[in-house]
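Notes for the one structure printed next.
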Amino acid sequence: MISPVMPTYARAPFEFERGEGSWLIATDGSKFLDFGAGIAVNALGHAHPKLVAALEAQARRVWHVSNLYEIPEQRRLAERLVDVTFADTVFFTNSGAEAMECCIKMARKYWAHKGEPTRNRIITFKDAFHGRTLATISAAGQEKLVDGFGPLLPGFDQVEVDDIEAVKAAIGPETAAIMIEPIQGEGGIRVVPGTYLRALRQLCDEHGLLLILDEIQCGMGRTGALFAHENAGIAPDIMGVAKGIGGGFPLGACLATEEAAAGMVAGTHGSTYGGNPLACAVGNAVVEEIADPEFLDEVKRKAGLLRQRLGALADEHGDIIAEIRGEGLMLGLRLNEGFVNGDFVAAARANGLLTVPAGANVVRILPPLNISDDDLAEGVSRLDTTCRAVKAQSGEAA
Ligand SMILES: *Cc1c(COP(=O)(O)O)cnc(C)c1O
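Just so we're on the same page, the working numbering is the position in the sequence shown counted from 1, plus 838.
The following block contains the structure:
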């Protein structure tokens, strides 16, 4: 019999009663160090006093009014984001996929508004992930995402990430935009080199195309920069943000330049919940914390520490760990053939450490950005224990 909750997830049999900082406490009292942060969402850990206070204070004032009216918290959050990014304007959503939908719709509208509605194709990349709506699975095009869900939305041309010539070849008279994650998250913590991002920017400039970045996972301080593209010294025209920006409250955003958003006039796009007072109250508190240069410096410092420790771990366990990759506190352990990332994640959990599997046999390490040095060290120690346990298991199996 089908479970009351539709069985689309392969869940681990754990439920948590509460969280404290970088720790989650299960209903049986056992404690887990959270190196997954709800898939890069709990950027400030669990039960952060400032976020709790922001949500509680807003909950007592007003929860929801709809976008029929002014929402001061939403305006404030938009102003903040405009202040600290390339963007001139922001549309708020409840999730990452909706943020990317807005990016896609905006790119099409941009050209339609300019009188070139046939310019509606978007170049995207293999192994990309942009969400689970029909448009975003069509954009990513991965078999495991699209299987059985056709007909897909037309208008996407997928190319290999490393191949700039393939991008050039894919640009045609109908191309509207290029859309990419600066670091592929679900695809396996694959960093797109700065040189490549700069080359894409240049191609967009030469051909008048819009550059859309999906910073839903790699943005909001994850890499130690507020947004990952800053590391490459470029700016997009349109960008999707979600995950970390709500710190656990469902919130996403589509940021754009004034030029790119030229067609997005009243009535063209909307969302009932998007940017509601509760979400934006929390979003303001999150952005205030994370956009602080001192906070970002701390992320960079901790990232250096973690990278060093993981490097030592990989040296020690070279039989299991093939490579450490990623940037900042968005890191991946790529496992050697013969070891399965899902098994490793389960073994880590048995050792009180939460991690997240990704493509390319990678184990994702995505701790809260405000994790303490001690907790970072503890996590690496638990990874070491996990490697030993995994080795012992594979020895038994052999
Ligand atoms: C998680 C994610 C999304 C989708 O976000 P949802 O909130 O699950 O809709 C899109 N793009 C990237 C890069 C992501 O990591």
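Every residue, glycine too, gets a C-beta built ideally from N, C-alpha and C.
Review point. On the three-pair Cβ rule with 8 Å, is the stretch 1043 to 1054 touching the stretch 845 to 858?
Key: No contact exists between the stretch 1043 to 1054 and the stretch 845 to 858.
Point to revise | Per DSSP, the bridge partner or partners of residue 1022 | key: Paired residues: 1028.
Review point. The beta strand (DSSP E) spanning residue 857 covers which residue range?
Key: Looking at the DSSP string, the run of the beta strand (DSSP E) that includes residue 857 is 854 to 858.
Practice item. Out of 890, 843, 996 and 954, point me to the one whose CA is closest to residue 1120's CA. Key: Nearest C-alpha to residue 1120: 890.
**Study point:** Under 8 Å between C-beta atoms of residue 947 and residue 1101
**Key:** Result yes, Cβ atoms of residue 947 and residue 1101 sit closer than 8 Å.
Exercise for review: Name the two residues that bound the continuous alpha helix (DSSP H) containing residue 927.
Suggested key: Following the DSSP letters along the chain, one finds residue 927 in no alpha helix (DSSP H) but inside the beta strand (DSSP E) bounded by residues 927 to 931.
Check your understanding: By Cβ distance, which residues of its chain are closer than 6 Å to residue 1033, with the 5 residues on each side in sequence left out?
Key -> Same-chain partners within the cutoff: there are none.
Exercise for review: May I have a chain-ordered list of the alpha helix (DSSP H) segments no shorter than 4 residues that lie completely inside the stretch 1066 to 1138?
Suggested key: Those alpha helix (DSSP H) runs which fall completely within the stretch 1066 to 1138 and span 4+ residues are 1067 to 1070 and 1115 to 1128.
Check your understanding: Given 8 Å as the limit, is there contact between the stretch 1089 to 1106 and the stretch 912 to 926, that is, 3 or more CB pairs closer than that?
Key -> Yes, the stretch 1089 to 1106 touches the stretch 912 to 926.
Review point. Going by DSSP, which residues form a beta bridge with residue 1040?
Key: Answer by DSSP bridge pairing: none, since residue 1040 is not bridged.
Exercise for review: Check whether the Cβ of residue 935 sits closer than 7 Å to any heavy atom of ligand 1, and report yes or no.
Suggested key: Because some heavy atom of ligand 1 lies under 7 Å away, the Cβ of residue 935 counts as near it: yes.
Check your understanding: Can the beta-carbon of residue 1079 be found less than 8 Å from the beta-carbon of residue 1066?
Key -> Taking C-beta atoms as the reference points, residue 1079 and residue 1066 fail to come closer than 8 Å.
Exercise for review: On a CA-only basis, which of 1186, 1189, 1170 and 937 is nearest residue 970? Give me that one, please.
Suggested key: Closest option to residue 970, Cα to Cα, is 937.
Point to revise | Distance cut-off 7 Å: residue 1196 Cβ against heavy atoms of ligand 1 | key: Every heavy atom of ligand 1 is 7 Å or more from the Cβ of residue 1196, so no.
Review point. Which ranges would you report for the alpha helix (DSSP H) in the stretch 1169 to 1231 if only whole runs of at least 4 residues count?
Key: List check, alpha helix (DSSP H) in window: 1179 to 1188.
Practice item. Confirm the yes/no value for this check: CB of residue 1028, any heavy atom of ligand 1, distance under 7 Å. Key: Between ligand 1 and residue 1028, a heavy atom-to-CB distance of less than 7 Å is absent.
**Study point:** Coil, strand or helix - residue 1164 by DSSP
**Key:** For residue 1164, the secondary structure class from DSSP, reduced to helix, strand or coil, is strand.
Practice item. Only counting runs of 4 or more residues, tell me where the alpha helix (DSSP H) segments fall wholly within the stretch 878 to 949, in order along the chain. Key: Listed in chain order, they are 887 to 899 and 910 to 922.
Check your understanding: Can you tell which of 991, 911, 1161 and 1046 has its C-alpha closest to the C-alpha of residue 892?
Key -> Considering only alpha carbons, the answer is 911.
Check your understanding: Since residue 984 sits in a beta bridge, which residues does DSSP pair it with?
Key -> For residue 984, which the question treats as bridged, DSSP gives no partner whatsoever.
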